[in-house]
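Count along the sequence shown from 1, then add 905; that gives the number in my numbering.
Heads up, the beta-carbon is just placed ideally off N, CA and C, and yes, glycines get one too.
Treat the numbers as computed from the prediction; the structure is a model and nothing was measured.
Structure record follows, encoded as structure tokens.
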Amino acid sequence: MASIADTLATAGSLAGELLDRALDRQLRLAVTGLSQSGKTAFITALVNQLENACAADSRLPLWQAQRRGRLLGVRRVPQTNAHIPSFAYTAALDRLFGDPPTWPESTRGVSEVRLEIRYRPVGRFARARGTLYLDIVDYPGEWLLDLPLLRLDYRAWSAQVAATLTPGSRRRDLAAPWTSWQPAAASPFAEEAAAGAARAYTAYLHACRGQLGLSLLQPGRFLLPGEHEGAPMLQFVPWVWAMPGDTCAEGSTFRVLEHRYEQYKKHLVRGFYRRHFAGFDRQIVLVDCLHALNRGPECFRDMQHALHRIMESFAYGKGNLLARLFAPRIDRVLFVASKADHVTPDQHAHLVSLLQHLVRDSQLVARFEGVSTDCLAIASVQATEVAPGRAGGRTLNGLRGHALDGSALFVRPGEVPAAIPDERWWRERGEPFDSFRPPRVEAGSPLPHIRLDAALEYLLGDRLD
Ligand SMILES: Nc1nc2c(ncn2[C@@H]2O[C@H](COP(=O)(O)OP(=O)(O)OP(=O)(O)O)[C@@H](O)[C@H]2O)c(=O)[nH]1
Ligand SMILES: [Mg+2]
């Protein structure tokens, strides 16, 4: 017969198990950012820091759960969506710890990673064990720019594109190979001519990115088609010629292009966002302010515009057109100026202030809907070290690291403007902000970073209480 003590122990462990289950929670984190803003580096660094969080050489002092010893451990577990490729964490880490170290490759498809975080909750449940499942999706930044298309019909999107082709602009010159097509809206659709125009339009998007450094490039799949390359729904162009009335017949050039645009949205954009962007709890928005400052005023404005368009598409509040697609349950958004290791620490406050100005409108919208927001400057992987150097007979702090080609580099990066730069700043700006190769780190150690732990605290802190 079981003793009273045994019975009590069994009851105790059952209660513990129930409590554990009650404390099992899930958090979906949306990592948002334009192409090359640092999403993959951030996800890789985050997994790396979390997996090493309980090691003696952990680098997360600003993460309270870790600091107070409540963290029990973190490990990668298979994601719930078995049909989606797993995030190539090991491949990314192999590159960062390679000889020479290199950055993870630019992303070409969707992947997911799930982390199981075990912790001891505070207060009443302090003896129980909690588990938080953290789900993160990685995807090419180009595809994010398709999100705003969901709100626009073909005519509205075409009008937006047409408005960017201002007379005398470089964009207009670059656009000439496809704008010269000049089809008649009501004439029967000609497959070959349309395919040619779509190819020229794709080349135009590449040129806008490569030559002009622009971000607002739509549709995103034209730049990175994935498995749908060559499909008719990727063969259309915006209608930048005289807009026809509603009389175009079925099978006319205008109607077929319009239909393809709608097919693109239906099959590629809506499906992508429904599968990967629905039901997020928290969001981090990565912004590479320094790259935009390097590229000049037009690129800077264009990036600001692109970010705003994307943020508008996230439905934080009810009553939004897209509310059915995106459960409006994001309750925290963290805006982050990435690659803060490209400037000296005395510039970090300016970097945050610049970011605050950049995302001001998006922040206001989110706040109005009751969403908490914050701004931080971080480096997912710190590639530089602050080091003294001599300039003008004085010893001044600069940055030491390695350029992307591997050569040793010592720089004194210029000032970051604390607000959206004015004409004068653009006229008088100094040297561009350099890029750096990842640092050499002993295999098995966590990567150096700047304030990744502060980001973690903001995004996960309250979920581990
Ligand atoms: N110094 C430094 N460079 C970084 C950091 N994060 C990203 N980078 C640089 O930015 C580049 C782009 O980073 P990714 O993480 O690939 O950017 P992404 O947003 O995933 O880009 P796509 O996959 O093309 O959308 C890297 O190759 C690095 O050169 C960082 O924390 N510090
Ligand atoms: Mg990426």
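*asked:* I need the DSSP call for Gly1150, collapsed to helix, strand or coil.
replied: The residue labelled residue 1150 in the question sits at position 245 within the sequence shown. In the structure shown, Gly1150 sits in coil (DSSP, three-state: anything other than H, G, I, E or B).
- Within the stretch 969-1003, ranges of the alpha helix (DSSP H) (whole runs, at least 4 residues): 969-972 and 994-1001
Between the stretch 980-993 and the stretch 961-970, do at least 3 Cβ pairs fall closer than 8 Å?
no
Compute the beta-carbon to beta-carbon distance between Ser1243 and Gly943, rounded to the nearest angstrom, for a pair I have assumed lies under 8 Å. Translated into the one-based positions of the sequence shown, residue 1243 becomes position 338. Translated into the one-based positions of the sequence shown, residue 943 becomes position 38. Between Gly943 and Ser1243 the Cβ distance is about 4 Å, and since that is below 8 Å, they are a contact.
Nearest-angstrom Cα distance between Gly1224 and Val1066?
-> For this step, residue 1224 is matched to residue 319 along the sequence shown. For this step, residue 1066 is matched to residue 161 along the sequence shown. Per-residue confidence for Gly1224 stands at a pLDDT of 44, beneath the threshold of 50, marking its modelled position as unreliable; no derived number is given.
- request: Could you work out which residue in Ser940, Val1027 and Leu1049 is closest to Arg1179 when comparing CA atoms only?
  value: As a first step, residue 1179 must be located in the sequence shown, where it is residue number 274. Among Ser940, Val1027 and Leu1049, the Cα nearest to that of Arg1179 belongs to Leu1049.
Next item on the list: Can you have a look at Arg926 and say buried or exposed, based on whether 16 or more other CB atoms are within 10 angstroms of its CB?
Entry: By one-based count along the sequence shown, residue 926 stands at place 21. The predicted model places Arg926 with a pLDDT of 46, which falls under 50 and marks its position as unreliable, so this point remains unresolved.
- List the endpoints of the continuous alpha helix (DSSP H) containing Ser1277. Taking the sequence shown and counting its residues from 1, one reaches residue 1277 at position 372. Element bounds for Ser1277: not the alpha helix (DSSP H) but the beta strand (DSSP E), Ser1277 to Ala1282.
Alpha carbon to alpha carbon, how far is Val1248 from Ser1258? For the purposes of this step, residue 1248 is identified with residue 343 of the sequence shown, where counting begins at 1. For the purposes of this step, residue 1258 is identified with residue 353 of the sequence shown, where counting begins at 1. Roughly 14 Å between the two C-alpha positions.
Cutting at 6 Å between CB atoms, please list the residues of its own chain near Gln1287, excluding the five before and the five after it. Residue numbering aside, residue 1287 sits at position 382 when the sequence shown is read from its first letter. Once the five neighbours on either side are set aside, the close Cβ partners of Gln1287 are Asp1246, Pro1353, His1354 and Ile1355.
Among the residues of its own chain, which have a CB less than 7 Å from the CB of Ala958, if the five just before and after it don't count?
In the sequence shown, counting from the first residue as 1, residue 958 sits at position 53. Around Ala958: Leu965, Gln971, Leu976 and Val979.
Q. For ligand 1, any of its heavy atoms closer than 6 Å to the Cβ of Gln954?
A. In the sequence shown, the residue the question calls residue 954 occupies position 49. The answer is no for Gln954.
*asked:* Mapping the DSSP letters down to three states, classify Gly1366 as helix, strand or coil.
replied: Counted from its first residue, the sequence shown places residue 1366 at position 461. Residue state, collapsed to three classes: helix.
Determine, using beta carbons only, whether Arg1077 and Leu1070 come nearer to each other than 7 Å. Counted from its first residue, the sequence shown places residue 1077 at position 172. Counted from its first residue, the sequence shown places residue 1070 at position 165. It is a contact, given that the beta carbons lie within the stated cut-off.
Write down every uninterrupted run of the beta strand (DSSP E) in the stretch 1001-1084 whose length is 3 residues or greater and which is fully enclosed by it, in chain order. 1016-1024 and 1035-1043
Problem - Beta-ladder partner(s) of Gly1303, from DSSP - result: Here residue 1303 refers to the residue found at position 398 when the sequence shown is read from its first residue. For Gly1303, which the question treats as bridged, DSSP gives the partners Ala1292.
Next on the checklist: Would you say the beta carbon of Lys1171 is closer than 6 Å to some non-hydrogen atom of ligand 2?
Outcome noted: As a first step, residue 1171 is located in the sequence shown; it is residue number 266 there, counting from the start. Checking every heavy atom of ligand 2 against the Cβ of Lys1171, none is found closer than 6 Å.
- prompt: Per DSSP, which one or two residues make a beta bridge with Ala946?
  reply: Locating residue 946 in the sequence shown gives position 41, where the first residue counts as 1. Bridge partners of Ala946: none, in fact.
Inset, instruction - Given a cut-off of 7 Å, decide if Asn953 and Pro1344 are closer than it, judged by their beta-carbon atoms. - result: In the sequence shown, the residue the question calls residue 1344 occupies position 439. In the sequence shown, the residue the question calls residue 953 occupies position 48. Cβ distance not < 7 Å, so Pro1344 and Asn953 don't count as in contact.
Below 8 Å CB to CB, which residues in the same chain sit around Ala1112 once its five sequence neighbours on both sides are set aside? By 1-based counting over the sequence shown, the position of residue 1112 is 207. Only Leu1079 meet the Cβ criterion.
Please list, in chain order, all residues of the same chain as Gly1306 whose beta carbon is under 6 Å from its beta carbon, the five residues on each side excluded. Taking the first residue of the sequence shown as position 1, residue 1306 is located at position 401. Answer for Gly1306: Ala1288, Thr1289, Leu1314 and Phe1341, listed in chain order.
Worksheet entry | Same chain, Cβ closer than 6 Å to Leu1361, five either side skipped, listed in chain order | To locate residue 1361, count along the sequence shown from 1; it is residue 456. If we look at Leu1361 and ignore the five residues flanking it on each side, its Cβ neighbours are Trp968.
Practice prompt. Run the CB neighbour count on Asp1043, radius 10 Å, all protein chains shown included, and call it buried at 16 or more, exposed below.
Written response: Locating residue 1043 in the sequence shown gives position 138, where the first residue counts as 1. Buried is the call here.
- Item | Cutoff 8 Å; reference Ala1292; Cβ partners in own chain excluding five residues on either side | Walking along the sequence shown from the start, residue 1292 turns up at place 387. Here the set comprises Asn1302, Gly1303, Leu1304, Arg1305 and Phe1315.
Report the rounded CA-to-CA distance for Tyr1375 versus Ser1267, giving the unit in angstroms.
An answer regarding residue 1375 cannot be provided, because it is not within the stretch 906 to 1370 covered by the chain.
Next on the checklist: In chain order, what are the residue ranges of uninterrupted beta strand (DSSP E) at least 3 long that sit wholly in the stretch 1153-1237?
Outcome noted: 1187-1192
Q: Rank Gly1046, Glu1021 and Arg1025 by C-alpha distance to the C-alpha of Leu1037 and give the top, closest one.
A: Residue 1037 sits at position 132 when you count from the first residue of the sequence shown. Closest by alpha carbon: Glu1021.
So what's Leu1357 in DSSP terms, helix, strand or just coil?
For this step, residue 1357 is matched to residue 452 along the sequence shown. In the structure shown, Leu1357 sits in a helix (DSSP, three-state: H, G or I).
Checklist entry - How many angstroms separate the CA atom of Arg1234 from the CA atom of Asp1370? => result Translated into positions along the sequence shown, residue 1234 becomes position 329. Translated into positions along the sequence shown, residue 1370 becomes position 465. Answer to the nearest angstrom: the Cα atoms are 20 Å apart.
**Asked** Buried or exposed: Arg1032, going by 16 or more other Cβ atoms within 10 Å of its Cβ?
**Response** Here residue 1032 refers to the residue found at position 127 when the sequence shown is read from its first residue. The residue is exposed, with fewer than 16 neighbouring Cβ atoms inside 10 Å.
Q: Could you tell me if Trp1331 is buried or exposed, where buried requires 16 or more neighbouring beta carbons within 10 angstroms of its beta carbon?
A: Residue numbering aside, residue 1331 sits at position 426 when the sequence shown is read from its first letter. The residue is exposed, with fewer than 16 neighbouring Cβ atoms inside 10 Å.
*Excluding sequence positions up to five away, which residues of its chain have a Cβ less than 6 Å from the Cβ of Val1027?*
Translated into the one-based positions of the sequence shown, residue 1027 becomes position 122. Around Val1027: Asp1370.
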